[in-house]
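Reviewing the structure listed below.
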Amino acid sequence: VQLQASGGGLVQAGDSVRLSCSAYGNPIIMGWYRQAPGKQRELVAAIDSGGGTRYVESVRGRFTISRGGVKSTVYLRMNDLKPEDTAVYYCNAARSTADILRGDFTSWGQGTQVTVSS
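As structure tokens, then:
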């Protein structure tokens, strides 16, 4: 599965951004992760093939994950961005929820930087 994330940038607090990630193959579940400087990578949101979603508590109500497109494309709509959302955002895909939750993939695509200024 090849992953290409895009859509990041420098924004101000309160702004919105939509990230996109295209996967080749037929992933069952896809997820967005982020890694802030000096912190471990964390799972932000995930969506399975049936549309079921999960979010980390800090983004619930502000971020929305969705899937669509001919390819397996996953989006992350981020509203009301805060400086603490600043991170490199990555996507990945797996065959099980357990794999997405563990996040111990051997391969990560190129992430996209999101920087939120106050």
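In terms of my numbering, the sequence shown opens at residue 2 and continues consecutively.
All C-beta atoms in this analysis are idealised placements derived from N, C-alpha and C, irrespective of residue type, glycine included.
Pair within 8 Å by beta-carbon distance, residue i and residue j
{"i": "A88", "j": "A6", "result": "no"}
{"i": "V115", "j": "D86", "result": "yes"}
{"i": "I66", "j": "A94", "result": "no"}
{"i": "G104", "j": "R42", "result": "yes"}
{"i": "D49", "j": "I30", "result": "yes"}
{"i": "T74", "j": "S21", "result": "yes"}
N-terminal and C-terminal residue of the beta strand (DSSP E) that residue i is part of
{"i": "I29", "result": "From DSSP, I29 is part of no beta strand (DSSP E); its letter is neither H nor E."}
{"i": "G10", "result": "G10 to Q13"}
{"i": "Q5", "result": "L4 to S7"}
Neighbourhood of residue i by C-beta, 8 Å cutoff - its chain only, sequence neighbours within 5 removed
{"i": "P84", "result": "A14, V117, S118 and S119"}
{"i": "R19", "result": "G8, Y76, L77, R78 and M79"}
Close beta carbons around residue i, own chain, < 7 Å, minus the five adjacent residues each side
{"i": "G112", "result": "A6, V89, Y90 and Y91"}
Straight-line Cα distance separating residue j from residue i
{"i": "L4", "j": "R96", "result": "15 Å"}
{"i": "D100", "j": "L11", "result": "31 Å"}
{"i": "W33", "j": "V60", "result": "12 Å"}
{"i": "A24", "j": "G39", "result": "28 Å"}
{"i": "G52", "j": "R68", "result": "8 Å"}
6 Å Cβ shell around residue i - same chain, five flanking residues per side excluded
{"i": "Y56", "result": "A46"}
| Segments of 3+ residues assigned as beta strand (DSSP E) that fall wholly inside the stretch 46–116 | Qualifying beta strand (DSSP E) stretches, in chain order: 54–56, 64–69, 73–79 and 88–95.
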